[in-house]
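Student: So the sequences go chain by chain: U and A.
Here the numbering used here is used: the first residue of the first sequence is 1, the next is one more, and so on.
Here the numbering used here is used: the first residue of the second sequence is 1001, the next is one more, and so on.
2 protein chains.
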Amino acid sequence: MNGIEELDWSLIRALLAVAEAGSLSAAARACGISQPTLGRQVAAAERALGIAVFRRHRLGLELTEAGAALIGPAREMQAAAARLMLAAAGRASRLEGTVRITASVAISQRVLPPLLARLRREEPGIELELHPSDDSDNLLYREADIALRMYRPEQLDVVTCAIGEIPLGLFAAESYLARRGRPASVEDLFTHDWVGLDRSDMLIRGLRAMGRPVSRGFFGIRCDDQQVYWRLVEEGAGIGIFQRPLARRQTGLVELFPDLPLPRLPLWLAAHQALRQTPRIRRVWDFLAAELPDACGTRAPA
Amino acid sequence: MNGIEELDWSLIRALLAVAEAGSLSAAARACGISQPTLGRQVAAAERALGIAVFRRHRLGLELTEAGAALIGPAREMQAAAARLMLAAAGRASRLEGTVRITASVAISQRVLPPLLARLRREEPGIELELHPSDDSDNLLYREADIALRMYRPEQLDVVTCAIGEIPLGLFAAESYLARRGRPASVEDLFTHDWVGLDRSDMLIRGLRAMGRPVSRGFFGIRCDDQQVYWRLVEEGAGIGIFQRPLARRQTGLVELFPDLPLPRLPLWLAAHQALRQTPRIRRVWDFLAAELPDACGTRAPA
DNA sequence: TATATTCCATTCATTAATGAATGGAATAGA
DNA sequence: TCTATTCCATTCATTAATGAATGGAATATA
C-alpha cells in the first residue's frame, strides 16, 4: 500500500489503547495481548509515523503534543469500526457467536445460572458471557450486548423491555432470631440489628418511605457488596432486605412480616437497538424476556 | 479487547482494498502483498464478522448486500487514518523519511537524476522515491508527495508553484537528415516523415495552432510512450517534437528551425497542502522550486 | 534497610502469518 | 482445438510476530 495508507491500521488501535490506559501494561491487559507485544506495536507505529507519540516514564506513557494530535482521528476510526461491526452484526443470520450479558451480582448468581444453562442446551451455537456487576455504569455499549438493570436505561439507541417488579422482603437468619427473638411487631423491628448499605442510600430511602427515617448509624454494619451483604445476614449479623423470590430459596433465612408493604424493584432488559437485530442476540433477548418474570418472581402466581 | 472492538482493523482495510479493486489479485498488487495473504485476510474478516462480505466468482469478488453495508464505515476509517497520518506528518520535525515524487517520464529521465543525486548528498536523511508517469491521473494524494505536472493541478487542497514554461523544438536525427535531406523551408517540413502520438492529440493541436491542421494519418508512426518516442526519432524514423533543453543535450539530434514559434509547455510543482508543511517535503519542494527553472530551460539566460 | 509492587525493555523459544509455487477453472483468441 | 491469460484456492517453506521469562528502575511500606 502506497502513500499515506502505509500505516497498519492495527497499530493505530494500539496507540489509542495506550493513550487511554496510560501504560503499556494496563493497555495490554485490556487488549488481551502481552505488554512486550504492545510495546513493539507502539514503537513500530512511532517509527512509521516519524514522531514520538509518547514520552516514557516510570508510571507509564504520556502523550506528547504531537501524539495528542492523533487521538481525534484515532477515535474517529474507532467509532467507524464500531459502526462497521454493528452493520455486520445486523446482517448476520446464523444463531452463532457470542452474546454478552450483564446483570446485578444477585441476579447473576441466583437467577441466571439455570436459565442460561437451559439456553445453552437449546442453542449450542450461541456462546454466552455473563458479567455480574452492580455498577450503574453504562456498560451496555462496550462490554455487553444485553443488560439486566433495576432502572429503566434511558440512553439513546437503547431498546428496553419491562420484565416486572421484584418484591422485596425483610429477612433474618434463624440463628439471629434464636438469639434475639422474633420481632413481635413492626415497631419492634426497629429495635433490632440491621445490616445496611455503605454508600448506597437505597435502604435509607426505603425506610423513610415507610415512615421510618433513619441515618447511616442505624445500621450497625454496612456493606455495598451484595455477596458479602448476603453472608452477613446469613451469619446472623442482623435483619436484611432482599429480593423476596431469591431469599425464599435460601435455607436458613426467615421472612419477617411478609405482608408489610415494601417498595418493589423494577427489572428491565436493555440492548443496543442495532445489536438487537442480530439473530443470536434477538434469540437470547426473547428467551430472557419469556423466562425472567417467573424466575424473578415478578409475575403473580396464576 | 472486549466487545465490538474485536475485529483487527487491518482486516477492514483488506476488505476495502478488495471491494475497490474487485479481485484479490488486483487488490494484492495494489497493496503490495500476495494474493493468498489477502485472500486469507478477507476470509478471516468474514469469519470474525460472521457474514459473507463477498461472493466469489471467476472474475473476482463481488460485494454481497451485507458486505456493501460495511463500505461506508470502512471508508470513514480510511479518511480518519489519512487525517491521522497527515497530523503526524505535520508534526514530524526531522529532515528524515521518504519523499515520493512523480514527474513525466521525460523529466524523470533527463532532468531529475542529477538534481536528486545532489539533493541526496545535501540531505542524506531524506529518502527519495521517483515515480515516472505520463498519466494525468491525480496521483498526488495517494502515491506521491510532490508532483511535477505540465498543467496546473486544480484539485482542492493542493498547493501549486509555477516553475516556468518549457520551450519545444523540432528535432530530427542526423541519420534521418543524411538520408532525406534537411528541410529547406517550413513548408518543406510537412513533406517529411514525422513521429506522432497515438492517443494523445497534443501534437495535432500544436500543428493546428501553427496553421497546419493534420490528421493522425499524417504521422506515419505513432507512439504515446515517451521513451519509445525518443528512440524512434533517434533511429531516424522521422521528425519529432521535444522539450528543447532536453533534446539539445542529446547527441545525434539536430534542431530544425529554432526560431519557429512553437507552443511552450508549462511546468508546475504541486503538493498536498497539509503535507507540504512536513519539513522533509518542504525541503524537497524548495530545492526543486529553486533548481528546476534552470534544469528545464524555463528561464531565459541572464 | 529489606521487601513488595508496578512499570518498561530485552532475550529466546514458539506460534502465526506470509509468500513462492502450484493446480484447477473459466474465458478469449488464433 | 489448442494456447494464453486471469482468476481463486491450496501446500509447504520461510519469515515475522508473539508471549514467557527475565532484568533493571522507581516508589511505597513495614
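Built from N, CA and C at the ideal position, the CB exists for glycine as well.
Can you give me the C-alpha to C-alpha distance between U:His192 and U:Arg208, rounded to a whole angstrom?
Tutor: The residue labelled residue 192 of chain U in the question sits at position 192 within the first sequence. The residue labelled residue 208 of chain U in the question sits at position 208 within the first sequence. Roughly 17 Å between the two C-alpha positions.
Student: What did DSSP end up calling U:Ala74 once you bin it into helix, strand or coil?
Tutor: Locating residue 74 of chain U in the first sequence gives position 74, where the first residue counts as 1. DSSP places U:Ala74 in helix when its eight states are reduced to three.
Student: Closer than 7 Å: is that where the CB of U:Ala19 sits relative to any heavy atom of the ligand SAH?
Tutor: You won't find the ligand SAH in this model; it holds no ligand whatsoever.
Student: Using a Cβ-Cβ distance under 8 Å, would A:Leu1168 count as near chain U?
Tutor: By one-based count along the second sequence, residue 1168 of chain A stands at place 168. No, A:Leu1168 lies away from the interface with chain U (no Cβ there is under 8 Å from its Cβ).
Student: Assign A:Gln1227 to one of two classes, buried (16 or more other C-beta atoms within 10 Å of its C-beta) or exposed (fewer than that).
Tutor: In the second sequence, counting from the first residue as 1, residue 1227 of chain A sits at position 227. With fewer than 16 Cβ atoms within 10 Å of its Cβ, A:Gln1227 is classed as exposed.
Student: How about U:Asn138: is its C-beta nearer than 8 Å to some C-beta of chain A?
Tutor: Taking the first residue of the first sequence as 1, we reach residue 138 of chain U at position 138. Only weak support is given to the placement of U:Asn138: the predicted model assigns it a pLDDT of 48, under 50, and the value that follows is read from those uncertain coordinates. So no, U:Asn138 is outside the interface.
Student: Using a Cβ-Cβ distance under 8 Å, would A:Ile1221 count as near chain U?
Tutor: Within the second sequence, the letter at position 221 stands for residue 1221 of chain A. Taking CB atoms only, A:Ile1221 has no neighbour in chain U less than 8 Å away.
Student: So which residues of chain A does U:Gly97 contact, with C-beta pairs closer than 7 Å?
Tutor: Along the first sequence, read from residue 1 onward, the residue named residue 97 of chain U stands at position 97. Residues of chain A passing the Cβ test: Gly1050.
Student: Let me confirm a value: A:Gln1041 is counted as buried when at least 16 other C-beta atoms fall within 10 Å, else exposed. Which label applies?
Tutor: Residue mapping note: residue 1041 of chain A aligns to position 41 of the second sequence, counting from 1. Counting Cβ neighbours within 10 Å, A:Gln1041 comes out buried, since at least 16 surround it.
Student: Please report the Cβ distance between U:Leu61 and U:Arg55, rounded to the nearest whole angstrom; I am assuming they are in contact, meaning their Cβ atoms lie under 8 Å.
Tutor: Position 61 of the first sequence, counted from the start, is the residue given in the question as residue 61 of chain U. Position 55 of the first sequence, counted from the start, is the residue given in the question as residue 55 of chain U. Rounded, the Cβ-Cβ distance is 7 Å, consistent with contact.
Student: Quick one: what does DSSP say A:Leu1232 is sitting in, helix, strand or coil?
Tutor: Position 232 of the second sequence, counted from the first residue, corresponds to residue 1232 of chain A. DSSP places A:Leu1232 in helix when its eight states are reduced to three.
Student: Less than 8 Å separating the beta-carbons of U:Glu76 and A:Ala1080?
Tutor: Translated into the one-based positions of the first sequence, residue 76 of chain U becomes position 76. Translated into the one-based positions of the second sequence, residue 1080 of chain A becomes position 80. A:Ala1080 sits close to U:Glu76, with the two beta carbons spaced by under 8 Å.
Student: Which value, in whole angstroms, describes the spacing of the CA atoms of A:Gly1169 and A:Asp1198?
Tutor: In the second sequence, residue 1169 of chain A corresponds to position 169, counting from 1. In the second sequence, residue 1198 of chain A corresponds to position 198, counting from 1. When the Cα atoms are used, A:Gly1169 and A:Asp1198 turn out to be separated by approximately 19 Å.
Student: In angstroms, rounded to a whole number, what distance separates the CA positions of A:Thr1102 and A:Pro1245?
Tutor: Residue 1102 of chain A sits at position 102 when you count from the first residue of the second sequence. Residue 1245 of chain A sits at position 245 when you count from the first residue of the second sequence. Cα to Cα, the separation comes out at about 20 Å.
Student: Between which two residues does the alpha helix (DSSP H) holding U:Cys31 run?
Tutor: Position 31 of the first sequence, counted from the start, is the residue given in the question as residue 31 of chain U. Here the alpha helix (DSSP H) through U:Cys31 covers Leu24 to Cys31.
Student: Grab me the residues of U:Gly125's own chain with a C-beta within less than 6 Å of its C-beta, minus the 5 sequence neighbours each way, in chain order.
Tutor: Your numbering for residue 125 of chain U matches position 125 in the first sequence. Hits under 6 Å: Leu95 and Glu96.
Student: Inspect the CB distances between the region 1172–1185 of chain A and the region 1101–1121 of chain A and report whether three or more fall short of 8 Å.
Tutor: They do not touch, by the three-pair rule.
Student: DSSP three-state call for U:Phe287: helix, strand or coil?
Tutor: Position 287 of the first sequence, counting from 1, holds the residue named residue 287 of chain U. Note: U:Phe287 maps to helix in three-state DSSP.
Student: Restricting to Cα atoms, I'd like to know which of U:Thr37, U:Leu15 and U:Ala87 is closest to U:Ala52.
Tutor: On the first sequence, position 52 is the one that residue 52 of chain U refers to. If we check each option's Cα against that of U:Ala52, U:Leu15 comes out closest.
Student: Please report whether the beta-carbon of U:Leu70 lies at a distance below 8 Å from any beta-carbon of chain A.
Tutor: What you label residue 70 of chain U is simply residue 70 of the first sequence in a count that begins at 1. Output row for U:Leu70: interface = yes.
Student: Using a Cβ-Cβ distance cut-off of 8 Å, determine whether A:Ser1010 contacts chain U.
Tutor: Position 10 of the second sequence, counted from the start, is the residue given in the question as residue 1010 of chain A. A:Ser1010 counts as touching chain U.
Student: Going by beta-carbon coordinates alone, are A:Glu1129 and A:Arg1100 separated by less than 8 Å?
Tutor: Within the second sequence, residue 1129 of chain A is the residue found at index 129, counting from 1. Within the second sequence, residue 1100 of chain A is the residue found at index 100, counting from 1. It is a contact, given that the beta carbons lie within the stated cut-off.
Student: Sort U:Val159, U:Leu269 and U:Arg280 by Cα distance to U:Glu291 and report the nearest one.
Tutor: Against the first sequence, residue 291 of chain U aligns to sequence position 291. Nearest C-alpha to U:Glu291: U:Leu269.
Student: Pairing CB atoms from the region 157–166 of chain U with CB atoms from the region 273–289 of chain U, are three or more of them under 8 Å?
Tutor: yes
Student: Could you tell me how far apart the beta carbons of A:Ile1241 and A:Leu1203 are, in whole angstroms, since I believe they sit closer than 8 Å?
Tutor: Within the second sequence, residue 1241 of chain A is the residue found at index 241, counting from 1. Within the second sequence, residue 1203 of chain A is the residue found at index 203, counting from 1. That pair is a contact at about 6 Å.
Student: Alpha carbon to alpha carbon, how far is A:Ala1147 from U:Leu86? Give it in angstroms, no decimals.
Tutor: Taking the first sequence and counting its residues from 1, the one referred to as residue 86 of chain U is at position 86. Taking the second sequence and counting its residues from 1, the one referred to as residue 1147 of chain A is at position 147. Straight-line Cα distance between these residues: approximately 40 Å.
Student: In the structure shown, what three-state DSSP assignment does A:Thr1098 receive?
Tutor: Against the second sequence, residue 1098 of chain A aligns to sequence position 98. Strand.
Student: How would you list, in chain order, the residues of chain A whose beta-carbon sits under 7 Å from the beta-carbon of U:Glu62?
Tutor: To locate residue 62 of chain U, count along the first sequence from 1; it is residue 62. Per Cβ cutoff of 7 Å: no residues; U:Glu62 is ~16 Å from chain A at best.
Student: With DSSP as the reference, label U:Ile12 as helix, strand or coil.
Tutor: Here residue 12 of chain U is taken as the residue at index 12 of the first sequence, counted from 1. U:Ile12: helix per DSSP, three-state reduction.
Student: Terminal residues of the continuous alpha helix (DSSP H) containing A:Arg1249?
Tutor: On the second sequence, position 249 is the one that residue 1249 of chain A refers to. Segment: none, A:Arg1249 is in no alpha helix (DSSP H) and carries neither H nor E.
Student: So which of U:Gln243, U:Trp194, U:Arg216 and U:Arg91 has the shortest CA-CA distance to U:Ser200?
Tutor: If you number the first sequence from 1, residue 200 of chain U lands on position 200. Cα-wise, what sits closest to U:Ser200 is U:Arg216.
Student: Who are the neighbours of U:Leu119 on chain A, taking C-beta pairs under 7 Å?
Tutor: Taking the first sequence and counting its residues from 1, one reaches residue 119 of chain U at position 119. Within chain A, no residue comes near U:Leu119; the closest Cβ sits about 19 Å away, beyond 7 Å.
Student: Following the continuous beta strand (DSSP E) through A:Thr1160, name the residue where it begins and the one where it ends.
Tutor: Translated into positions along the second sequence, residue 1160 of chain A becomes position 160. That run of the beta strand (DSSP E) goes Val1158 to Ala1173.
Student: DSSP on A:Ile1051, reduced to helix/strand/coil?
Tutor: Walking along the second sequence from the start, residue 1051 of chain A turns up at place 51. The three-state reading of DSSP puts A:Ile1051 in coil, since its state is none of H, G, I, E or B.
Student: Pick from A:Gly1022, A:Asp1294, A:Val1254 and A:Leu1059: whose alpha carbon is nearest that of A:Gly1181?
Tutor: On the second sequence, position 181 is the one that residue 1181 of chain A refers to. Among A:Gly1022, A:Asp1294, A:Val1254 and A:Leu1059, the Cα nearest to that of A:Gly1181 belongs to A:Val1254.
Student: Near U:Ser23, what residues of its chain come up, given a Cβ to Cβ distance below 8 Å and the 5 sequence neighbours on each side ignored?
Tutor: Counted from its first residue, the first sequence places residue 23 of chain U at position 23. For U:Ser23, where only same-chain residues beyond five positions count, the Cβ hits under 8 Å are Leu59, Gly60 and Leu61.
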